[in-house]
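Report on the structure given below.
Residue numbers (the numbering used here), protein chains in the order written: chain A, 1 to 343; chain B, 344 to 721.
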């Protein structure tokens with residue numbers, strides 16, 4: 001029993017934190033968000049460092065590490081709220097690597113690993129996905145419909161950029177018309193691939209919660225009213241304690257999900273549902289609470305906390321929100337109890 | 344990260360599980376006194392088989408269990424629905440405090456009877472005017488030759504009616520600042536000057552008592568950790584209060600939650616999406632408690648103290664358990680509140696969870712100041 005990262009994993013986390021503090025600070029974030037365009041050199045740098053291929057098998061040009069290492073990067077990218085197609089590409093990569101055929105892997109994973117030909121993934125209905133992260137720049141799009149998933153090359157899909165409340169990321173509407181080739185099915189275990197994607201997405205939300213919690217605490221220490229730092233008032237300090245409660249709970253669940261993905265697949269379905277539910281709730285509640293602690297300033301465009309709040313809204317809705325996950329947790333638990341009771 | 348148990352931990356679990364299966368005492372009888380006697384016998388059984396105080400060092404009769412093994416012990420007991428040993432405060436609080444602060448004679452005298460359950464211990468900290476602000480306590484001890492004479496009142500003293508000894512903190516220096524004038528005593532409960540009055544709680548049971556002291560006598564040899572050092576010694580006791588138990592409480596919550604899930608499934612109520620949603624939320628909270636407790640345990644093993652997550656488990660448990668019990672009685676319907684159903688009583692009992700062992704509000708203050716580094720409260 002050792003619920004902590006290895007020294008190498010800690011090192012990945014530290015390096016990522018330092019690099020992103022330099023390359024993706026709040027000013028760079030603001031520039032990207034207000035310009036509604038990525039700083040291309042940031043993603044190039046992440047590609048050159050090999051981040052894009054971290055969890056992809058070596059035979060496809062990746063580093064061959066696990067979901068845990070990917071999760072660490074996603075958490076740090078969420079902490080920095082880096083404006084880049086990294087997450088969408090990583091989620092698409094997980095879908096193809098874990099549910100695709102050898103041929104599909106060989107075709108798409110090298111581009112995903114190098115970041116030269118990126119991927120993305122979304123839930124679709126009737127061949128259409130309304131808000132797909134980074135679809136316009138992607139080479140390949142995975143559309144999940146019900147229990148099955150389809151892989152569509154960018155050229156086969158109609159992709160129309162859409163603006164959302166989150167200007168820190170590019171989104172698009174994707175549709176595949178029936179007359180077009182319609183893409184090809186991912187023939188493998190879609191559910192377990194999706195579970196991995198959920199863990200990575202959860203990690204981004206943990207990073208977002210962590211950062212906005214820190215922003216609130218920093219502000220509560222500095223801002224004075226009644227000649228007192230507002231953090232000395234329990235109405236504020238207890239709110240901050242609640243942020244820690246929510247963030248750490250989501251972190252426990254997400255890290256366990258990462259471990260299950262790499263080490264014990266039998267626990268992955270439940271673990272990923274729990275991680276996603278907890279991370280959605282934490283990201284939504286902590287970012288909202290952080291705005292409240294910042295008071296009037298927190299509601300202004302000038303403060304940076306709203307970028308995080310907005311990304312949290314999109315992330316939480318991506319690949320199914322918390323209520324879907326809670327229903328899944330109940331169904332999975334009831335089923336396993338029924339099996340145990342019958343045996 | 345390795346969230347599996349190693350060979351020796353698994354062996355420990357298997358040995359314990361087999362032993363509990365072979366020696367399970369059955370259901371606890373109704374009635375306060377009968378229940379207590381039952382748990383005392385159970386402790387004797389544990390003691391004779393060497394299971395009573397696994398977390399104690401071998402030199403004091405324990406097994407020198409690792410933190411993980413101690414967690415496993417609490418998990419297995421809860422999973423088997425076996426009772427906790429009667430002398431739980433002695434095992435978890437008094438024992439470790441004696442090991443840290445006691446002299447050789449005190450350790451020699453008190454530790455073994457704690458383990459066997461022969462001598463039960465209670466905790467005399469809280470007073471009517473000193474709850475969360477425990478350092479402001481007013482019970483006073485004055486010298487009388489070689490003895491101390493204590494007068495005052497304590498409250499929330501669990502198990503006082505069965506106790507031989509009390510971890511008793513009194514003020515010995517009224518001129519010193521409030522944290523400095525305290526002394527930690529080992530008080531003999533079997534004497535004239537000690538009166539125990541049961542305190543009926545909202546369940547109708549009386550787990551707690553009020554304690555009235557009128558010139559109760561304590562020999563000077565029964566000071567623990569030195570005169571005027573009571574605050575520091577008491578902190579050792581309070582630190583132990585929050586450690587270890589989380590695992591047993593988590594499993595007890597999981598057992599109740601699984602039972603509820605089965606009852607709701609059997610009655611078709613799980614098809615109600617609102618019920619399924621709330622039940623899912625509770626399973627999530629319960630699992631997060633388990634994982635967070637293990638994270639805290641890893642941090643303690645690696646760095647000597649838990650990280651920020653360590654302060655959260657008591658809060659997670661009390662809130663989760665209260666929500667579980669409230670949800671259970673509402674979801675199962677009004678018959679769960681009628682006599683004979685254990686849910687109604689469990690729901691009532693759960694209201695104490697966020698008060699006992701440190702209120703949630705005080706925990707939030709501690710987290711805000713010590714973990715988040717916010718300025719001291721106004």
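The beta-carbon is built from N, C-alpha and C at its ideal position, and this holds for glycine as well.
(request) Could you tell me the distance, in whole angstroms, from the CA atom of residue 564 (chain B) to the CA atom of residue 504 (chain B)? (result) For residue 564 (chain B) and residue 504 (chain B), the distance between alpha carbons rounds to 24 Å.
(message) In this structure, how does DSSP classify residue 576 (chain B) when only helix, strand and coil are distinguished?
(response) helix
(message) Let's test the definition: count the other Cβ atoms within 10 Å of the Cβ of residue 677 (chain B) and tell me whether it reaches 16, buried, or not, exposed.
(response) exposed
(message) Quick check: residue 596 (chain B) and residue 667 (chain B), are their CB atoms within less than 8 Å of each other?
(response) yes
(request) Along the beta strand (DSSP E) that carries residue 527 (chain B), what are the first and last residues, could you check? (result) 525 to 531
(request) For residue 240 (chain A), return the contacting residues in chain B, with the cut-off set at a CB-CB distance below 7 Å. (result) 711, 715, 717
(message) On a Cα-Cα basis, can you pick out the residue from B:671, B:404, B:601 that is closest to residue 686 (chain B)?
(response) B:671
(request) Answer with yes or no whether the minimum CB distance from residue 274 (chain A) to chain B is below 8 Å. (result) yes
(request) Give a yes or no on whether the minimum CB-CB distance between residue 407 (chain B) and chain A is below 8 Å. (result) no
(request) Report the residue from B:379, B:481, B:422, B:604 whose alpha carbon sits nearest the alpha carbon of residue 548 (chain B). (result) B:379
(request) Report the residue from A:307, A:252, A:311 whose alpha carbon sits nearest the alpha carbon of residue 3 (chain A). (result) It is A:252 whose Cα lies nearest to the Cα of residue 3 (chain A).
(request) State the Cα-Cα distance for the pair residue 260 (chain A) and residue 344 (chain B), rounded to the nearest angstrom. (result) 10 Å
(message) Taking the alpha carbon of residue 704 (chain B) as the reference point, which residue from A:326, A:316, A:233, A:92 has its own alpha carbon closest?
(response) A:233
(request) Determine, using beta carbons only, whether residue 604 (chain B) comes closer than 8 Å to chain A. (result) yes
(request) Compute the Euclidean distance between the alpha carbons of residue 623 (chain B) and residue 673 (chain B), then round it to the nearest angstrom. (result) Residue 623 (chain B) and residue 673 (chain B): Cα-Cα distance of roughly 16 Å.
(request) Report yes or no: is there a C-beta of chain A within less than 8 Å of the C-beta of residue 637 (chain B)? (result) yes
(request) Consider the Cβ of residue 348 (chain B): report whether some Cβ of chain A lies at a distance smaller than 8 Å. (result) yes
(request) Give the range of the beta strand (DSSP E) segment to which residue 173 (chain A) is assigned. (result) 171 to 175
(request) With distances taken Cα to Cα, identify the nearest neighbour of residue 132 (chain A) among A:112, A:157, A:117. (result) A:157
(request) Out of B:346, B:349, B:642, B:656, state which residue places its alpha-carbon closest to the alpha-carbon of residue 593 (chain B). (result) B:656
(request) Could you check if residue 402 (chain A) is buried or exposed, using at least 16 other CB atoms within 10 Å of its CB as the buried criterion? (result) Any question about residue 402 (chain A) goes unanswered here, given that chain A covers just 1 to 343.
(request) Would you mind reading off the limits of the beta strand (DSSP E) that contains residue 713 (chain B)? (result) Per DSSP, residue 713 (chain B) belongs to no beta strand (DSSP E) and is neither H nor E.
(request) Mind checking the segment 206 to 235 of chain A against chain B and listing, in chain order, the residues whose C-beta falls within less than 7 Å of any C-beta there? (result) Within the segment 206 to 235 of chain A, the qualifying residues are 217, 220, 221, 228, 229, 231, 232, 233, 234.
(message) Between B:376, B:399, B:619, which has its C-alpha nearest residue 550 (chain B)'s C-alpha?
(response) B:376
(message) Within 10 Å of its beta-carbon, does residue 415 (chain B) have 16 or more other beta-carbons around it, so buried, or fewer, so exposed?
(response) Result: buried.
(message) Just to confirm, is the Cβ distance from residue 119 (chain A) to residue 144 (chain A) under 8 Å?
(response) no
(message) Under 7 Å, CB to CB, which of the residues in the segment 619 to 636 of chain B have a partner in chain A?
(response) 619, 620, 622, 623, 624, 626, 627, 630, 631, 634, 635
(message) Beta carbons nearer than 9 Å to chain A: which residues of the segment 538 to 549 of chain B have them?
(response) none
(message) Pull the bridge partners of residue 496 (chain B) from the DSSP assignment, please.
(response) B:555
(message) According to DSSP, is residue 1 (chain A) part of a helix, a strand, or is it coil?
(response) coil
(message) Can you pull out the residues from the segment 317 to 342 of chain A whose beta carbon lies closer than 8 Å to at least one beta carbon of chain B?
(response) Within the segment 317 to 342 of chain A, the residues whose Cβ lies closer than 8 Å to some Cβ of chain B are 323, 325, 326, 327, 328, 329, 330, 331, 333, 334, 337, 338, 341, listed in chain order.
(request) Compare the beta carbon distance of residue 440 (chain B) and residue 526 (chain B) with 8 Å and say whether it is the shorter of the two. (result) Not closer than 8 Å, so no.
(message) Given a cut-off of 8 Å on the beta-carbon distance, is the pair residue 583 (chain B) and residue 435 (chain B) in contact?
(response) yes
(request) May I have the straight-line CA-CA distance separating residue 310 (chain B) from residue 701 (chain B), to the nearest angstrom? (result) There is no way to answer for residue 310 (chain B), as the model of chain B reaches only from 344 to 721.
(message) Taking 8 Å as the threshold (beta carbon to beta carbon), is residue 616 (chain B) in contact with chain A?
(response) It does: the Cβ of residue 616 (chain B) has a partner Cβ on chain A nearer than 8 Å.
(request) Pair every Cβ in the segment 182 to 196 of chain A with every Cβ in the segment 78 to 86 of chain A, then say whether three or more of these pairs are closer than 8 Å. (result) Cβ pair count under 8 Å is below three, so no.
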